[in-house]
Amino acid sequence: MALTGRFSLLVALGVVPVVLLGGDAGAAWASLVVWLLVAVGLGAIDLAAAASPRLVAVERDLPPRLRLGETVRSELVLRNLGRRRLRAEVRDGWPPS
10 MALTGRFSLL
20 VALGVVPVVL
30 LGGDAGAAWA
40 SLVVWLLVAV
50 GLGAIDLAAA
60 ASPRLVAVER
70 DLPPRLRLGE
80 TVRSELVLRN
90 LGRRRLRAEV
100 RDGWPPS
């Protein structure tokens, strides 16, 4: 799960009604509470609709022997076993030894 910039922007947009209704403290607090409930509800719906990273199968194919300083070609295969679309950023690097 990751909170995106869009979600942060959505929550930040809720500041506008609070500032505009700032003359009346009761209305400002009410609009703040309503907006936060709406934002949390939308975040929960987004989380429920997101693809599970646990359903991603990862396979790595490497040569049996490697030498220090040599260029080695490897293959990384990712398969989404779930039904929902998954958008991801994948980085592959050697673990430190």
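Each residue of the sequence shown is one higher than the last, beginning at 10 in this note's numbering. Idealized CB from N, CA, C, for every residue including glycine.
From the listed residues Ala60, Leu90, Glu68, Asp55, the smallest Cα separation to Arg15 is found for Asp55. The shortest C-alpha to C-alpha distance from Arg92 to any of Ser83, Val67, Arg63 is the one to Arg63. Among the bridge pairs identified by DSSP, Arg88 is matched with Ala66. Taking 9 Å as the cut-off, the Cβ atoms of Val27 and Ser40 count as close.
For Trp44, the CB contacts under 6 Å within the same chain, skipping 5 residues up- and downstream, are Gly23 in chain order. DSSP places Gly32 in the coil class of the three-state scheme, outside both helix and strand.
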